[in-house]
Amino acid sequence: MSQGSKTLVFFINQSGKFLDAQREIVERLKKRLEIREVDSVDKCDVIIAFVPIVSRAGTDIEAALQNIPTTRPVVLVVFHHTFDENYIAPQSKLCVKKEDVFAADFLCHEDVGLLKCLANDEALKSITDYLISMAPSSPLIPVNPRPRRRYWTYVAVSALVVAVSVLLIYFLVKKSQGKDDTLTTQRPNITVTT
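Quick note on numbering: the sequence shown equals residues 9 to 202 in the numbering used here.
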């Protein structure tokens, strides 16, 4: 594949659960990377498999991996069913023993879909980073790279320092002018003789 072409991705969802969450993840990945969905494992560069945790993470992941072809790199999107946005899911990557299999944990609920939480944002970023790291074999190009936060933080802090310095100088000058402008009035001793 030539540099700049779209990476071909084959999606697998054997359970049919969390379809809304799956669609949202796919759309968010498409916003970040140049990917195109294909209809066959033979035509793809990467397999993205969606695995809901029904009983125990280890057994569910192991069962899913037995049904997923490993002729290509695999990204496991592991769905943990919860309402709690602060739920700490067990790390699925600890259950994966095969090479070329990357796992990311997402929090979702059947009725709500993908939860709006930091854990899901971090999981999506980890998938994006993993796919980008595979660039030499299957080039992925960030579509909308984020502006560097460190740069904008530097600009904001610099502007704040300049503003505080200007105010400090202004008040120091005003204070020193106030001392010089004070008039001391002494009445001269005038004696009037008649």
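Backbone N, C-alpha and C define an ideal beta-carbon position, used for all residues, glycine too.
- Item | Own chain partners of D108 with C-beta closer than 6 Å, once the 5 adjacent residues on each side are dropped | Translated into the one-based positions of the sequence shown, residue 108 becomes position 100. Here the set comprises P81.
- Quick one: complete beta strand (DSSP E) runs, 3+ long, within the stretch 48–89? DSSP assignment within the stretch 48–89 yields the following whole beta strand (DSSP E) runs of 3 residues or more, N-terminal first: 54–60 and 82–89.
- Query: Between which two residues does the beta strand (DSSP E) carrying D113 extend?
  - Reply: The residue given as residue 113 occupies position 105 in the sequence shown. Where D113 is concerned, the enclosing beta strand (DSSP E) stretches over V109 to H117.
- Message: Give me the residue from L132, T201, Y162 and V170 with the minimum Cα distance to E208.
- Response: Residue 208 is absent from the structure shown; the chain starts at 9 and stops at 202.
- Message: Can you look up V17 in the DSSP assignment and give me helix, strand or coil?
- Response: Here the question's residue 17 lines up with position 9 in the sequence shown. Strand.
- Item | Opening and closing residue of the alpha helix (DSSP H) in which I140 lies | Here residue 140 is taken as the residue at index 132 of the sequence shown, counted from 1. L126 to S141 is the extent of the alpha helix (DSSP H) around I140.
- Query: Which residue's Cα is closest to the Cα of G66: F179, A97, N197 and V165?
  - Reply: Residue numbering aside, residue 66 sits at position 58 when the sequence shown is read from its first letter. Taking only the C-alpha atoms, the option nearest G66 is A97.
- Query: Can you tell me whether N197 is buried or exposed, with buried defined as 16 or more other CB within 10 angstroms of its CB?
  - Reply: Working through the sequence shown from its first residue, we reach residue 197 at position 189. Exposed, by the Cβ-count rule.
- Query: Start and end of the alpha helix (DSSP H) containing I43?
  - Reply: Walking along the sequence shown from the start, residue 43 turns up at place 35. Segment I43 to E45 is the beta strand (DSSP E) holding I43; no alpha helix (DSSP H) there.
- Query: If F110 and L84 are in contact, beta carbons under 8 Å, what's the gap, nearest whole angstrom?
  - Reply: The residue given as residue 110 occupies position 102 in the sequence shown. The residue given as residue 84 occupies position 76 in the sequence shown. Confirmed, about 7 Å.
- Item | alpha helix (DSSP H) segment containing D92, residue limits | Here residue 92 is taken as the residue at index 84 of the sequence shown, counted from 1. Judged by DSSP secondary structure, D92 falls outside any alpha helix (DSSP H); it is assigned neither H nor E.
- Would R40 pass as a contact of T136 if the rule is Cβ separation under 8 Å? Here residue 40 corresponds to residue number 32 of the sequence shown, with the count starting at 1. Here residue 136 corresponds to residue number 128 of the sequence shown, with the count starting at 1. R40 is a Cβ neighbour of T136, given a cutoff of 8 Å.
- In chain order, what residues of the same chain lie with their CB nearer than 8 Å to the CB of A72, ignoring the 5 residues before and after it? By one-based count along the sequence shown, residue 72 stands at place 64. Its chain contains Q22, A57, V59 and L84 as the residues whose beta carbon lies nearer than 8 Å to that of A72, once the 5 sequence neighbours on both sides are disregarded; these appear in chain order.
- Report buried or exposed for N128, applying the criterion of at least 16 other Cβ atoms within 10 angstroms of its Cβ. Looking up residue 128 in the sequence shown gives position 120. Looking at its Cβ environment, which holds 16 or more other Cβ atoms inside 10 Å, N128 is buried.
- Measure the CB-CB distance between F19 and V49 and report whether it falls below 8 Å. In the sequence shown, the residue the question calls residue 19 occupies position 11. In the sequence shown, the residue the question calls residue 49 occupies position 41. No, the Cβ-Cβ distance between F19 and V49 is not below 8 Å.
- Item | Counted within 10 angstroms of its Cβ, other Cβ atoms place D113 as buried (16 or more) or exposed | Taking the sequence shown and counting its residues from 1, the one referred to as residue 113 is at position 105. D113 counts as buried, since no fewer than 16 other beta carbons sit within 10 angstroms of its beta carbon.
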